[in-house]
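A short write-up of the structure that comes next.
Residue numbers (the numbering used here), protein chains in the order written: chain A, 1 to 362; chain B, 363 to 644.
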């Protein structure tokens with residue numbers, strides 16, 4: 001596939017041209033927190049950190065709070081519905097510029113759950129119109145991570161600082177330029193757009209990119225082999241190791257709110273007067289005890305031990321069973337955000353070691 | 363385009379409360395019909411499935427369907443007043459409009475049960491989903507072998523569908539065994555015993571050709587299943603319908619997951635074989 005390059009100085013031109021056709025989201029730092037924001041007329045250039053943002057771009061396709069529909073005097077209207085009651089908002093196309101490879105991979109994983117046509121695994125037969133409407137025709141510009149963080153472990157999960165899964169175009173920072181590689185049909189199409197501030201890459205640019213990648217990969221720690229983690233977890237349900245893992249967990253749910261692959265949500269009604277209001281969905285987390293508490297008072301996961309087990313099992317066992325891959329991309333945000341320094345890599349190692357002890361005993 | 367892609371499964375359809383009355387102190391019976399008459403008559407469902415019922419402003423909750431698909435048009439629910447949605451529902455008068463969507467869940471495997479004996483074991487509010495199966499079996503009586511109803515309630519006044527089930531005792535094609543734990547007024551015409559004591563009246567059944575369906579409070583399952591296993595009914599022929607906190611009903615929101623299954627789409631009907639092989643199910 002042909003490679004191209006763009007001068008960093010000319011990024012603004014590229015983004016400006018994108019805004020003609022797309023709602024464009026870029027990484028921006030504000031109050032010391034990096035997250036994705038929509039480009040408005042007065043917004044600045046993307047903050048390129050060479051590693052993933054503090055908040056994942058998941059919220060672009062799956063907002064933390066989303067209106068499912070509004071109601072008024074008993075009449076139900078999904079938001080901004082032009083023709084039929086089945087339209088959901090945002091038929092505008094979305095472009096994301098500057099997402100990290102791990103986060104882009106998470107889009108592909110969630111596509112399977114929400115039932116995107118091109119990536120249907122087990123999605124229960126129900127498609128999520130809200131996710132699909134935003135994801136359809138979205139254009140993803142990924143920027144590889146020249147400087148992965150010490151908490152990054154994408155290389156444990158078939159990922160890496162420059163992997164392409166889910167990307168339309170992959171950009172590599174090679175100094176004054178970005179090397180630009182289209183990696184999907186949409187990406188190929190886009191690169192043909194007239195008047196883009198790009199040029200063909202020279203051999204030396206491609207070589208430079210390859211050096212940058214090797215350097216970045218070498219800064220990651222040696223990957224731990226987790227190929228048999230799912231099977232290992234199958235045997236660990238009753239193991240006391242869950243007490244050990246969960247004892248310091250505060251059930252604050254920071255890990256799941258910042259996780260690019262956590263998708264659990266709650267559905268609530270918000271009243272705006274007697275006969276008016278809206279039904280919203282909001283992010284929820286299996287780390288909260290109310291998550292499973294039934295109206296009768298019965299709670300199948302009453303303590304943090306069961307809830308921690310659920311989160312780990314979901315990511316490394318159930319997700320594989322249902323959707324064909326681990327529900328983790330190794331972004332390391334849960335490690336960075338945990339107030340009691342829980343490290344999911346240590347959890348994985350602990351689990352692996354338990355399994356070893358058992359097989360040694362046999 | 364695929365129909366399910368065009369539709370937005372989160373949006374409920376308007377439905378009318380046609381009739382309501384109290385079944386006990388805190389459980390009320392509701393007959394509900396889609397406002398769209400065509401939809402009301404064409405909706406197909408299975409006993410054991412549930413619907414999401416919503417009251418604008420209060421929210422949405424799952425309820426087992428208590429009516430039988432063999433009597434189309436009206437959907438029936440028994441609801442215990444216990445949370446915000448049910449409190450709002452209890453305030454509604456007949457003719458009020460609510461939202462419903464569904465049916466959801468796997469329901470009872472009628473294809474497998476047909477041609478076999480059927481033992482239905484009810485405890486308390488477990489009557490909600492099992493009444494649907496019972497009425498279905500009685501409406502299609504020739505498709506089933508012997509049918510038993512083993513019903514337990516705390517007291518006669520806690521028993522749901524009391525008159526309806528007492529009338530069933532007149533039928534000679536149903537073994538209708540009704541019991542209460544306590545009979546404070548002394549005028550209960552049937553058994554005063556735990557529901558497990560009723561198994562002694564289930565005699566000479568060909569267990570290989572028998573299905574059992576159980577629903578009741580969590581504490582009941584262990585003892586009832588012990589009896590069914592002792593009777594010799596194979597694990598995969600013991601069916602139970604389970605409860606979980608649910609929000610979406612369509613296998614997305616994650617609230618009702620048990621292992622890699624979702625109670626809302628892979629359940630709520632599970633077999634005892636499932637239960638012994640999946641932790642946390644009951």
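We treat Cβ as the ideally placed atom computed from N, Cα and C, and that holds for glycine. As the structure is a computational prediction, the values presented were derived from the model and not from experiment.
Asked: Taking C-beta pairs closer than 9 Å, name the residues in chain A that residue 615(B) reaches, listed in chain order.; Found: 263, 264, 265, 266, 267, 281, 284
Asked: With a threshold of 8 Å between beta-carbons, can residue 609(B) be considered close to chain A, or not?; Found: yes
Asked: Since residue 597(B) and residue 550(B) should fall inside the 8 Å C-beta cutoff, what is the C-beta to C-beta distance between them, to a whole number of angstroms?; Found: Wrong, their Cβ atoms sit about 34 Å apart, outside the cutoff.
Asked: Using C-beta distances below 7 Å, list every residue in its chain close to residue 442(B), excluding the 5 sequence neighbours before and after it, in chain order.; Found: 388, 389, 448, 487
Asked: Please check the pair residue 6(A) and residue 197(A), which I expect to be a contact at CB under 8 Å, by giving their CB distance rounded to whole angstroms.; Found: 6 Å
Asked: Going by the DSSP bridge assignment, what does residue 181(A) pair with across the sheet?; Found: 170(A)
Asked: So is residue 605(B) in contact with chain A if we call contact Cβ pairs under 8 Å?; Found: yes
Asked: Check whether the stretch 602 to 617 of chain B touches the stretch 542 to 562 of chain B, counting contact only when three or more Cβ pairs, one atom from each stretch, lie closer than 8 Å.; Found: no
Asked: Cutting at 6 Å between CB atoms, please list the residues of its own chain near residue 603(B), excluding the five before and the five after it.; Found: 410, 491, 577, 630, 631
Asked: Under a CB-based cut-off of 8 Å, is residue 427(B) close to chain A?; Found: no
Asked: What number of angstroms, rounded off, separates the C-alpha of residue 489(B) from the C-alpha of residue 514(B)?; Found: 10 Å
Asked: In chain order, what residues of the same chain lie with their CB nearer than 6 Å to the CB of residue 520(B), ignoring the 5 residues before and after it?; Found: 386
Asked: Assuming residue 563(B) contacts residue 539(B) (C-beta within less than 8 Å), just tell me the rounded distance between them.; Found: 6 Å
Asked: Could you tell me if residue 329(A) is buried or exposed, where buried requires 16 or more neighbouring beta carbons within 10 angstroms of its beta carbon?; Found: buried
Asked: Determine the burial state of residue 69(A): buried for a count of at least 16 other Cβ atoms within 10 Å of its Cβ, exposed for fewer.; Found: buried
Asked: Below 8 Å, can you find three or more Cβ-Cβ pairs linking the stretch 493 to 510 of chain B to the stretch 466 to 479 of chain B?; Found: yes
Asked: Please name the residue in 275(A), 25(A), 261(A), 65(A) whose C-alpha comes closest to that of residue 141(A).; Found: 25(A)
Asked: Whose Cβ in chain B lies nearer than 7 Å to the Cβ of residue 322(A)?; Found: 622
Asked: Below 8 Å on C-beta distance, what does residue 300(A) contact in chain E?; Found: Here the protein chains are A and B, and chain E is not one of them.
Asked: Using a Cβ cut-off of 7 Å, pull out every chain A residue sitting near residue 459(B), in sequence order please.; Found: 74
Asked: DSSP three-state label for residue 418(B), please.; Found: coil
Asked: Determine whether the Cβ of residue 113(A) lies closer than 8 Å to any Cβ atom of chain B.; Found: yes
Asked: Which same chain residues end up closer than 6 Å to residue 56(A) when comparing Cβ atoms and leaving out the 5 residues on each side of it in sequence?; Found: 103, 260
Asked: Which residues, in chain order, does the stretch 56 to 74 of chain A contribute to contact with chain B at a C-beta distance below 7 Å?; Found: 68, 69, 71, 74
Asked: My assumption, with CB atoms under 8 Å, is that residue 456(B) sits in contact with residue 382(B). Please give the rounded CB distance.; Found: 6 Å
Asked: Is residue 150(A) buried or exposed, if buried means 16 or more other CB atoms sit within 10 Å of its CB?; Found: exposed
Asked: Pick helix, strand or coil for residue 441(B), following the three-state DSSP scheme.; Found: strand
Asked: Per DSSP, which residues does residue 283(A) bridge with? Please list them.; Found: 265(A)
Asked: Are there three or more Cβ pairs, one per stretch, closer than 8 Å when the stretch 340 to 347 of chain A is compared with the stretch 242 to 251 of chain A?; Found: yes
Asked: Residue 148(A): buried (16+ other C-beta within 10 angstroms of its C-beta) or exposed?; Found: buried
Asked: Cα separation between residue 187(A) and residue 92(A)?; Found: 18 Å
Asked: DSSP three-state label for residue 498(B), please.; Found: helix
Asked: Where residue 324(A) and residue 299(A) are concerned, what is the direct C-alpha to C-alpha distance, given to the nearest angstrom?; Found: 29 Å
Asked: Does DSSP put residue 381(B) in a helix, in a strand, or in coil?; Found: strand
Asked: From residue 153(A) to residue 308(A), what does the alpha carbon distance come to, in whole angstroms?; Found: 20 Å
Asked: Can you find a CB in chain B that lies within less than 8 Å of the CB of residue 296(A)?; Found: yes
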